[in-house]
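Trainee: If you use UniProt numbering, the sequence shown corresponds to residues 1 to 338, in order. C-beta atoms are modelled at their ideal positions from N, C-alpha and C, and glycine is treated no differently. Keep in mind the model is a prediction, meaning the values are calculated, not measured. Quick one: the structure is below, questions incoming.
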Amino acid sequence: MAWAKFFRRPGGNLGRSYQPGSMLSLAPTKGLLNEPGQNSCFLNSAVQVLWHLDIFRRSLRQLPNHYCLGDSCIFCALKGIFCQFQHSRERALPSDNLRNALAETFKDEQRFQLGFMDDAAECFENILERIHLHIAPDAETDACASKSCITHQKFAMALYEQSVCRSCGASSDPLPFNELVHYVSTTALCQQVLERRDERFGELLQAASTVGDLRNCPSNCGQRIKIRRVLMNSPEIVTIGFVWDSEQSDLTEDVIRSLGPHLNLSGLFYRVTDERAKKSELLLVGMICYSSRHYCAFTYHTKSSKWVFFDDANVKEVRLDFHVIKSFSNIPSICRFG
Ligand SMILES: [Zn+2]
Ligand SMILES: [Zn+2]
Ligand SMILES: [Zn+2]
């Protein structure tokens with residue numbers, strides 16, 4: 001599985017996001033080590049994407065305190081890596097402290113254990129969920145209103161879903177929930193690409209995530225109806241996770257071709273209620289890809305306005321186009337727009 005991340009940059013403008021001389025915009029670029037047997041590429045990819053997200057990096061730096069879990073504190077371990085990214089003279093850094101904290105935190109679930117490969121999208125999602133717990137431990141995940149919670153202030157999509165029957169007019173009770181990663185089946189996406197050639201990426205994703213998801217009419221009039229998802233907030237960063245039916249997919253090229261560099265939230269959901277979200281167009285700023293049991297990441301580097309490719313300790317500047325993505329991976333697993 002692979003993913004691409006789309007984040008909204010300030011002003012949504014490719015050209016003006018870096019102000020020369022501003023230290024805040026400076027995101028030094030270093031690799032992360034992955035010794036044989038460590039299988040840390042899933043974590044390294046997630047960390048690189050988080051570090052290169054200006055909004056995340058700055059917000060984390062500004063947080064004054066958190067509920068600390070000591071040796072197994074994911075928050076402290078992440079801050080430690082960020083500090084090293086900023087100040088170390090090494091070209092590649094160990095991510096062991098964070099790997100250990102993650103393994104310790106999830107040992108009961110048997111996830112993210114040392115030496116084992118795991119899923120980068122779920123790792124990313126879990127790091128965000130842990131950050132919420134470290135900052136606002138008393139707030140419910142689905143109703144977190146903490147101003148300092150980066151997870152819910154910047155990343156979460158506040159949605160509700162509802163089915164409305166066109167035939168008899170009955171509607172189901174709206175079901176509210178939060179989403180940190182919006183998952184879409186690649187098989188459904190490719191079908192929609194064939195059927196709706198001129199649609200934009202957001203509309204394609206919406207069609208792909210609702211097609212086939214039919215429910216019974218709430219008043220049981222006999223109609224089968226589509227679910228509607230409504231976005232109620234304006235997330236600064238939107239993460240799309242691609243779900244693949246198999247590890248070897250012949251859809252790879254089609255998925256890469258369908259990837260748009262822009263994402264409008266009005267296209268992604270049936271309706272958007274927040275005025276800012278209605279107007280905003282998000283730009284692709286990061287992507288994690290997976291192939292041959294290995295994850296790598298592409299991130300947009302604000303300071304240089306260039307794309308950078310991360311394969312653990314190896315870092316190189318790239319043009320981000322179809323051929324480049326294809327040469328590094330069979331399978332994009334997450335896209336981030338912001
Ligand atoms: Zn801590
Ligand atoms: Zn929160
Ligand atoms: Zn009905």
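#1: I'd like to confirm the pairing. Which residues does DSSP put opposite Y290 in its beta bridges?
#2: Label D118 either buried or exposed according to how many other C-beta atoms from any shown protein chain fall within 10 Å of its C-beta, with 16 as the threshold for buried.
#3: Specify the secondary structure class of T210 as computed by DSSP and reduced to three states.
#4: Report yes or no: do the segment 292–302 and the segment 51–66 share at least 3 C-beta pairs separated by less than 8 Å?
#5: With DSSP as the reference, label Q38 as helix, strand or coil.
#6: With burial defined as no fewer than 16 other Cβ atoms inside 10 Å of the residue's Cβ, what is the status of L133: buried or exposed?
#7: Could you give the residue range of the beta strand (DSSP E) that holds R228?
#8: Suppose the cutoff is 8 Å on Cβ atoms and the five residues either side in sequence are ignored; what does the same chain contact list for R166 look like?
#9: So what does DSSP say about D312, is it helix, strand or coil?
#10: Using the DSSP secondary-structure output, state which residues sit across from A158 in a beta bridge.
#11: Return yes when at least one heavy atom of ligand 1 lies under 6 Å from the C-beta of F82, else no.
#12: Spell out a yes or no on whether the segment 185–192 and the segment 87–95 are touching, meaning 3 or more CB-CB pairs, one atom from each, closer than 8 Å.
#13: Helix, strand or coil: which one does DSSP assign to W307?
#14: Among all residues, which have a Cβ less than 6 Å from at least one non-hydrogen atom of ligand 2, and in what chain order do they fall?
#15: Taking N178 as the reference, give the member of G169, K154, L194 and Q48 with the closest Cα.
#16: What residue ranges within the segment 119–151 form continuous alpha helix (DSSP H) runs of no fewer than 4 residues, ordered along the chain?
#17: Check for me: the beta strand (DSSP E) holding Q239 runs from which residue to which?
#18: Should K30 be labelled buried (16 or more other beta-carbon atoms within 10 Å of its own) or exposed?
#19: For the alpha helix (DSSP H) that contains L265, what are its first and last residues?
#20: Contact check, L43 vs S95 under 8 Å by CB: the rounded distance?
#21: Determine the burial state of P235: buried for a count of at least 16 other Cβ atoms within 10 Å of its Cβ, exposed for fewer.
#22: Can you tell me whether H52 is helix, strand or coil according to DSSP?
Mentor: Quick look at the numbers:
#1: Y295
#2: buried
#3: helix
#4: Pairwise C-beta distances place the segment 292–302 in contact with the segment 51–66, as three or more of them are shorter than 8 Å.
#5: coil
#6: L133 comes out buried.
#7: R224 to L231
#8: Q223 and I225
#9: The answer is coil: DSSP assigns D312 none of H, G, I, E or B.
#10: N178
#11: no
#12: no
#13: strand
#14: H132, A136, A139, C144, S146, C149, T151 and H152
#15: K154
#16: 120–135
#17: Rather than Gln, the amino acid found at residue 239 in this sequence is Thr. Taken as a continuous stretch (DSSP letters only), the beta strand (DSSP E) holding T239 covers I237 to V243.
#18: buried
#19: L265 to L268
#20: 6 Å
#21: Under this definition P235 is a buried residue.
#22: DSSP places H52 in helix when its eight states are reduced to three.
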